[in-house]
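In the UniProt record's numbering, the protein residues as written are 1 to 355. Read through the structure below, which is laid out as structure tokens, and then see the notes.
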Amino acid sequence: MSDTFFYSLEGPLDSLPVDRQMRTANFNGFTDLVRSRGADPRRILERHDIDPRAVQNPDSYIDCKALVDVLQYCSTSFNDPLFGLHLAQFQDPDVYGCVAALCRAASTVREAIAGFVDYMPVIHAPVIMLELVEGEELAELRWDERTNLGMNDQANYQATLLNLKLLRLIGGRNFQPQYVNLAVDTRSRDIGLIEDQFGCKLNTHASSNAIAFPVGMLNQSVATSNRLLFKLLSGYLDRVKAASRTTVVERVEDYVRGALSLGNCSIERCAKRLGTSVRTLQANLSESGLRFSDILEKQRIELAKVHLQEGRLSLDELAILLGYSEQSSFGRAFKRWTGSTPQRYRRNLDSPRAA
């Protein structure tokens, strides 16, 4: 089996977040919570350049900074200094998708956390950095961001409660955090409320975020362990991690390869798929010295060569597949790319076979 077994000819079957993106599952429960405060969630999302339709699909992606800014905006607008914490109360660890499933299937708490640390940046949000630090008596699950997201106290509250819920899920009734360190500026009168939610002491203004617990918990068995499921998920995630294409250029290339065969390839649809705006996408590509049309042309060349080598499509069919209304237009473009007509290119491929 090839290392790219989860790819089709036209592109990847799986999608991963890029750079500063994250899964929109972090907005689970957001609509109901905002409406309970008498506000319009759609208006808030659009104010921060988030497509409300994308939030309905937990497996689509949004900009991390947009999420951070939305939570901070809601905290200010609703006069709720713990809005991120209140949002996390509506959520469960399944926000983390298949990574949560992997943790539940692990044999021990250590194995579960190791999977969480390894795969969260791949599947959920590349901007996240996680680390498990073991001491003589305590272990710490630490996390931070690879880039500055600005004021993100609310996102930190949300992440902490979700991480605690995950640890309690895999650690069972015996899991008891010793303390939580957070790089947040918390009002003194709110600390007691937060500690009640976390079930332990809160240390604010920390240099990094961490949840501490007895190191012996790492060897505890996970009640929901399933070795077959764990092997299947970890094997799959290892392949995804090894072949992950996370730069903007790579993701646009993947989109174009898939969209060409469907006849709906455009920069507008690409921007929507990547959870960004056309203007931002153009700016990101420009940083790499590219335009969307450059990538489109390159992918057309590569796909044309692949299909000409396969020999299963007529030139008319191939022209339509690549987005040309006529074979003659495709022929002129192909000659411009390669210096050869499609017919001659195919004959040259057939000649060695005949020999």
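Beta carbons: idealized from backbone N, C-alpha and C, even for Gly. These numbers were taken from a predicted model, which means no experiment stands behind them.
Within the segment 11 to 63, the runs of alpha helix (DSSP H) that reach at least 4 residues and sit entirely inside it are, in chain order, 30 to 36, 41 to 47, 52 to 55. DSSP, reduced to helix, strand and coil, places Asn148 outside both helices and strands of the structure shown, so it counts as coil. The C-beta of Ser75 has 16 or more other C-beta atoms within 10 Å across all chains shown, which makes the residue buried. Taking every protein chain shown into account, the CB of Thr147 has fewer than 16 other CB atoms within 10 angstroms, so this residue is exposed.
Taking 7 Å as the cut-off, the beta carbon of Gly115 is found no closer than this to the beta carbon of Cys98. Within the UniProt domain "HTH araC/xylS-type" (250 to 348), the runs of alpha helix (DSSP H) at least 4 residues long that lie entirely inside it are, in chain order, 267 to 273, 278 to 287, 292 to 310, 315 to 321, 327 to 338. Counted as a single uninterrupted DSSP element, the beta strand (DSSP E) harbouring Asn181 occupies residues 179 to 181.
7 Å or more divides the Cβ of Ile211 from the Cβ of Leu285. Using a C-beta cut-off of 8 Å, the segment 171 to 185 makes contact with the segment 197 to 207, since at least three inter-stretch Cβ pairs fall below that distance.
The alpha carbon of Lys298 has as its nearest neighbour, out of Arg279, Leu322, Leu313, the alpha carbon of Leu322. Under the DSSP definition of a beta bridge, Asn203 partners with Asn181. Counting along the chain, no beta strand (DSSP E) covers Val95, and no H or E run does either. With a contact defined as Cβ atoms closer than 8 Å, Asp59 and Thr276 miss out at about 16 Å. For Pro121, the uninterrupted alpha helix (DSSP H) run begins and ends at 109 to 123, by DSSP.
Taking a cut-off of 8 Å on C-beta distances, the segment 84 to 92 touches the segment 151 to 166, as three or more cross pairs fall below it. Residue burial annotation: Thr186 is buried, with at least 16 other C-beta atoms found within 10 angstroms of its C-beta. Below 8 Å, enough C-beta pairs join the segment 319 to 336 and the segment 292 to 310 to call them touching: three or more. DSSP places Ser77 within a helical segment (H, G or I) once states are collapsed to three.
Here Val68 carries a helix assignment [DSSP, helix/strand/coil]. In the three-state reduction of the DSSP assignment, Glu195 falls in the helix class.
With respect to the 7 Å criterion, Gln91 and Tyr61 are not classified as neighbours on the basis of their beta carbons. The closest CA to that of Asp49, considering only Leu67, Leu313, Gln72, is found on Leu67. Shown here, Phe230 sits in a helix according to DSSP, grouped into three states.
By the neighbour-count criterion, in which a residue is buried when 16 or more other Cβ atoms sit within 10 angstroms of its Cβ, Gln343 is exposed.
At a Cβ-Cβ threshold of 7 Å, Leu308 and Gln327 do not count as neighbours. Beyond the five residues adjoining it in sequence on each side, Asp190 comes within less than 7 Å, by CB distance, of Pro81, Leu82 in the same chain, given in chain order.
By DSSP's assignment, Val133 forms a beta bridge with Glu140. Here Gln72 is not near Gln197, since their CB atoms are 7 Å or more apart. Counting along the chain, no beta strand (DSSP E) covers Ala155; the unbroken alpha helix (DSSP H) around it starts and ends at 153 to 171. For Ala105, the secondary structure class from DSSP, reduced to helix, strand or coil, is helix. Put simply, the backbone Cα of Arg227 is about 12 Å away from that of Ala112. In this structure, the straight-line span from the alpha carbon of Gly150 to that of Trp143 is close to 16 Å. In the three-state reduction of the DSSP assignment, Ser225 falls in the coil class. By the neighbour-count criterion, in which a residue is buried when 16 or more other Cβ atoms sit within 10 angstroms of its Cβ, Arg279 is exposed. In this structure, the straight-line span from the alpha carbon of Arg43 to that of Ser36 is close to 15 Å.
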